[in-house]
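A.B. asks: The sequence shown maps to residues -15 to 504 in the numbering used here.
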Amino acid sequence: MSELPAFPNLDHLRKQAKRLLRDTHAGTSEALGRFAASLPAARGLSLPALAQYPLRLHDAQSVVAREHGFRSWTELKRYVEWARSAATERLSRWLRCVFEGQARERALALRMLHAEPALVAGDLWLACPVGDVARLERALAADPAFANRPGGPFAMPPLAAVTSSALIREPEFEDRLLASARLLIAHGADVDGRWTDPRFPDNPLSVLYGAAGRTHHAGMTRLLLDAGADPNDNESLYHSVESEDLSCTRLLLAAGARVAGTNAVARSLDYDRPEALQLLLARREEPVETHWLHHAMLRGRSLAHIRALVEAGADLSARDRSGTSVYAFASRFGREDVMALLRERGVIDLLNPDEAFVAACARGDEAAAKAMLRAAPDMLSRLSEAQLKAMPQLAAIGRLEAVRTMLALGWPREVKEGWQATALNLAIFSGDAMMTRLLLEHGADWRTQHGYGDNALGTLSFASQADDLGDNAPRDHAGCAAALLAYGVPMEAFGRYAFSEEVSDLLEGERVEEPEIADG
């Protein structure tokens, strides 16, 4: 692996990538070999085959990044920017990676820490997120009150900084952080201590939430519960179901966590994990809430989820806020499997002509829908707001044929749903590039504002960097970016946003014109 200097220069690295691409276009075997060794898309290709491969500058940048131990050019850029920033900014960025980051940010945090061990040598509080047991022992011996004194830029109690550290997912830190938690608890740290994330000032967060709801670490969660932490902190159970590993959820329930009032069941329906739903339903303290069947279909959940809710006593005659029955709602989502289940249970509604039209569209039955539209040309204009929202709702869960049918019949493109998002925003949010292209092809406007005061590029920025989008999200945000560019979104419009590594790498390659390569 190539070593970076202490103060790497991004312009120099860009020139390296341009030189590599130029040598590759010249057929240099050494340059082609570097691509074959480092570029995932080129692995397995012979050098003659690779010479015919349409390599571009962003490919060369990826090779340079990987040769330096980074997974992408964007990750390398972020590291270079960090390395050249002021000391206070380096620490701030490192802490964000440690407390807010998933796997990619953890890797970057480790790289930063290995490059600058002195980063955490100043404030004693910084011994907490890295699990420096020896420093903590000295701090507690000198000042026992340290165990509960908030510190650092987020005013976190030491135990919260330990339990919230994403580094616990790294083997070299796991035992250290668990030992640090035990040490702090032994010295009187409050296992029910709270702190306030500046991003969410109205929701104080518990020490337990760091373990069960943020890092999802069963060992740390068990340690805290065994020490008497209250499982009913109004956050931990809800967020525990976001993990594919349900160990923390089980631990919380075994410790007496209440399901009622947490909205954890609804959160579990955001994921395609029937086991999580079953765990919660088995421990519910109240009847199944009336909206859960509707919510399950809105999220595109399987028939197994629906059956679990029905068997747990869901009200099959329930109506949502717009007055739509479960049966009619199922028809609106083309869920013939759910409709059959309801009929088995003796529930059947006669659909009125408007509902039947929406149902045909949702099934992707364009011929039937056209026939209805010929019989009633004003059909679209008389649909209710709730019925019109079917298109963005179906776009959100990837029902391509349904949306294609609706667009072909003239369905309004800018209908908003949920967070006042159009179908285009919802498709981009999930990273559904095929849906994004379909909507843009039919004239969807990327400039339409959603409820958070931004447009489709703001959605792409947020969603491409998010880890928690649900199990079935396609997550092809680079494909969505390519679609936006292909349908006329100007490159400069992307400039004020930050994106994931994949999207940033794509844009970096698109920004560079071929003549620039010869300038390096």
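Just so it is clear, CB atoms sit at the ideal spot from N, CA and C, and this is done for glycine as well.
1) What does the Cβ neighbour count give for Ile332, buried or exposed, with the cut at 16 atoms within 10 Å?
2) For a test of the three-state rule: what should DSSP assign to Glu401, helix, strand or coil?
3) Anyone know if the C-beta pair for Pro142 and Cys112 falls short of 8 Å?
4) When the Cα atoms are used, what is the spatial distance from Met363 to Asn456?
5) Could you tell me if Ser309 is buried or exposed, where buried requires 16 or more neighbouring beta carbons within 10 angstroms of its beta carbon?
6) Roughly how many angstroms separate the alpha carbons of Gln404 and Tyr436, rounded to a whole number?
7) According to DSSP, is Met512 helix, strand or coil?
8) Is Ser252 helix, strand or coil by DSSP?
9) Between Ser231, Thr180, Phe483, Arg(-2), which has its C-alpha nearest Thr205's C-alpha?
10) To the nearest angstrom, how far is it from the Cα of Ile53 to the Cα of Met(-15)?
11) Would you mind sorting Ala123 into buried or exposed? The rule is 16 or more other CB atoms within 10 Å of its CB.
12) I'd like the list of long-range same chain contacts for His200, defined as Cβ closer than 6 Å, with 5 residues on each side in sequence excluded.
13) Taking the alpha-carbon positions, what's the Arg305 to Leu335 distance?
14) Would you mind giving the Cβ-Cβ distance between Leu453 and Ser414, rounded to the nearest angstrom? I have them listed as a contact below 8 Å.
15) Could you check which residue in Ala344, Ser190, Glu121 has the C-alpha nearest to that of Ser164?
16) Leaving out five residues before and five after Ala502 in sequence, what residues of the same chain have Cβ atoms less than 6 Å from its Cβ?
17) Mapping DSSP to helix, strand and coil, what is Ser542?
18) Considering only the beta carbon of each residue, do Gln371 and Leu282 sit closer than 8 Å?
19) By how many angstroms is the C-alpha of Ala1 removed from the C-alpha of Arg50?
20) Which of the three DSSP states is assigned to Leu236 in this structure?
21) Just tell me which of Asp429, Met390, Val191, Gln449 has its CA closest to the CA of Asn132.
22) Do the CB positions of Leu23 and Val48 come within less than 8 Å of each other?
23) Between the Cα of Leu92 and those of Tyr63, Ser69, Ala102, Gly106, spot the shortest distance and give me the residue it belongs to.
24) Taking the alpha carbon of Asp429 as the reference point, which residue from Asn409, Arg55, Leu41 has its own alpha carbon closest?
25) Roughly how many whole angstroms lie between the Cα atoms of Gly197 and Gly106?
26) What separation, rounded to the nearest whole angstrom, lies between the Cα atoms of Ala260 and Gly402?
27) Candidates Pro474, Gly194, Glu494, Ala462: which alpha carbon is nearest Glu486's?
28) Based on Cα-Cα distance, which residue from Gly318, Ala288, Leu326 lies nearest to Asp299?
29) By DSSP, does Ser301 sit in helix, in strand, or in coil?
30) Tell me the residue span of the alpha helix (DSSP H) that contains Phe341.
31) In the DSSP assignment, find the alpha helix (DSSP H) that holds Val48 and state where it starts and stops.
32) Taking all protein chains shown into account, do 16 or more other C-beta atoms lie within 10 angstroms of the C-beta of Asp217, making it buried, or fewer, making it exposed?
33) Could you give the C-beta distance for Ala56 and Asp338, rounded to a whole number, given that I count them as a contact under 8 Å?
34) Flag Gly106 as yes when its Cβ comes closer than 7 Å to any non-hydrogen atom of the ligand FMN, and as no otherwise.
C.D. replies: Reading off the structure:
1) In the sequence shown, the residue the question calls residue 332 occupies position 348. So Ile332 ends up on the exposed side.
2) On the sequence shown, residue 401 is found 417 positions in, with the first residue counted as 1. In this structure, Glu401 counts as strand in the three-state DSSP scheme.
3) As a working mapping, residue 142 is identified with position 158 in the sequence shown. As a working mapping, residue 112 is identified with position 128 in the sequence shown. Yes; because the gap between Cβ atoms is below 8 Å, this pair is in contact.
4) By one-based count along the sequence shown, residue 363 stands at place 379. By one-based count along the sequence shown, residue 456 stands at place 472. Computed Cα separation, rounded: 33 Å.
5) Residue mapping note: residue 309 aligns to position 325 of the sequence shown, counting from 1. Buried.
6) Looking up residue 404 in the sequence shown gives position 420. Looking up residue 436 in the sequence shown gives position 452. Each residue's alpha carbon lies about 8 Å from the other.
7) With the chain represented from -15 up to 504, any question about residue 512 goes unanswered, as that position is not in the structure.
8) Mapped onto the sequence shown, residue 252 falls at position 268. In the structure shown, Ser252 sits in a helix (DSSP, three-state: H, G or I).
9) Translated into positions along the sequence shown, residue 205 becomes position 221. For the residues Ser231, Thr180, Phe483, Arg(-2), the minimum Cα distance to Thr205 belongs to Ser231.
10) Stepping through the sequence shown from its first residue, residue 53 is reached at position 69. Stepping through the sequence shown from its first residue, residue -15 is reached at position 1. At residue 53 the sequence reads Gly, which differs from the Ile that was named. For Gly53 and Met(-15), the distance between alpha carbons rounds to 6 Å.
11) Position 139 of the sequence shown, counted from the first residue, corresponds to residue 123. So Ala123 counts as buried.
12) Looking up residue 200 in the sequence shown gives position 216. So the list reads Ser227, Cys232, once near-sequence residues are dropped.
13) As a first step, residue 305 must be located in the sequence shown, where it is residue number 321. As a first step, residue 335 must be located in the sequence shown, where it is residue number 351. Computed Cα separation, rounded: 18 Å.
14) As a first step, residue 453 must be located in the sequence shown, where it is residue number 469. As a first step, residue 414 must be located in the sequence shown, where it is residue number 430. Yes, Leu453 and Ser414 are in contact; Cβ-Cβ is about 6 Å, under 8 Å.
15) Here residue 164 is taken as the residue at index 180 of the sequence shown, counted from 1. For the residues Ala344, Ser190, Glu121, the minimum Cα distance to Ser164 belongs to Glu121.
16) Along the sequence shown, read from residue 1 onward, the residue named residue 502 stands at position 518. Residue placement at Ala502 is poorly supported in this model, since its pLDDT is 45, which falls under 50; the coordinates are not used for a value here.
17) Outside the displayed span of the chain (-15 to 504) sits residue 542, for which this structure offers no information.
18) Numbered from 1 along the sequence shown, position 387 holds the residue referred to as residue 371. Numbered from 1 along the sequence shown, position 298 holds the residue referred to as residue 282. Not a contact, by the Cβ cut-off of 8 Å.
19) Locating residue 50 in the sequence shown gives position 66, where the first residue counts as 1. Locating residue 1 in the sequence shown gives position 17, where the first residue counts as 1. Cα-Cα distance, rounded: 12 Å.
20) Numbered from its first residue, the sequence shown carries residue 236 at position 252. In the structure shown, Leu236 sits in a helix (DSSP, three-state: H, G or I).
21) Counting from 1 along the sequence shown, the entry for residue 132 is found at position 148. Ranking the options by Cα distance to Asn132, first place goes to Val191.
22) Taking the first residue of the sequence shown as 1, we reach residue 23 at position 39. Taking the first residue of the sequence shown as 1, we reach residue 48 at position 64. Not in contact: Leu23 and Val48 (Cβ atoms no closer than 8 Å).
23) The residue given as residue 92 occupies position 108 in the sequence shown. When only C-alpha atoms are compared, the closest one is Tyr63.
24) In the sequence shown, the residue the question calls residue 429 occupies position 445. For the residues Asn409, Arg55, Leu41, the minimum Cα distance to Asp429 belongs to Asn409.
25) For the purposes of this step, residue 197 is taken as residue 213 along the sequence shown, with counting starting at 1. For the purposes of this step, residue 106 is taken as residue 122 along the sequence shown, with counting starting at 1. If I take the Cα positions, the gap works out to 29 Å.
26) Counting from one through the sequence shown, the residue named residue 260 turns up at place 276. Counting from one through the sequence shown, the residue named residue 402 turns up at place 418. Those two C-alpha atoms are separated by around 24 Å.
27) For the purposes of this step, residue 486 is taken as the residue at position 502 of the sequence shown. The option with the nearest alpha carbon to Glu486 is Ala462.
28) Your numbering for residue 299 matches position 315 in the sequence shown. When only C-alpha atoms are compared, the closest one is Leu326.
29) In the sequence shown, counting from the first residue as 1, residue 301 sits at position 317. DSSP places Ser301 in coil when its eight states are reduced to three.
30) For this step, residue 341 is matched to residue 357 along the sequence shown. Counting along the chain, the alpha helix (DSSP H) containing Phe341 begins and ends at 337 to 346.
31) Here residue 48 is taken as the residue at index 64 of the sequence shown, counted from 1. Taken as a continuous stretch (DSSP letters only), the alpha helix (DSSP H) holding Val48 covers 41 to 51.
32) In the sequence shown, counting from the first residue as 1, residue 217 sits at position 233. Per the 10 Å Cβ criterion, buried.
33) The residue given as residue 56 occupies position 72 in the sequence shown. The residue given as residue 338 occupies position 354 in the sequence shown. Ala is not the amino acid found at residue 56; the sequence shown has Ser there. Their Cβ separation, rounded to whole angstroms, is 49 Å, which puts Ser56 and Asp338 out of contact at 8 Å.
34) The model on display carries no ligand, and the ligand FMN is accordingly not part of it.
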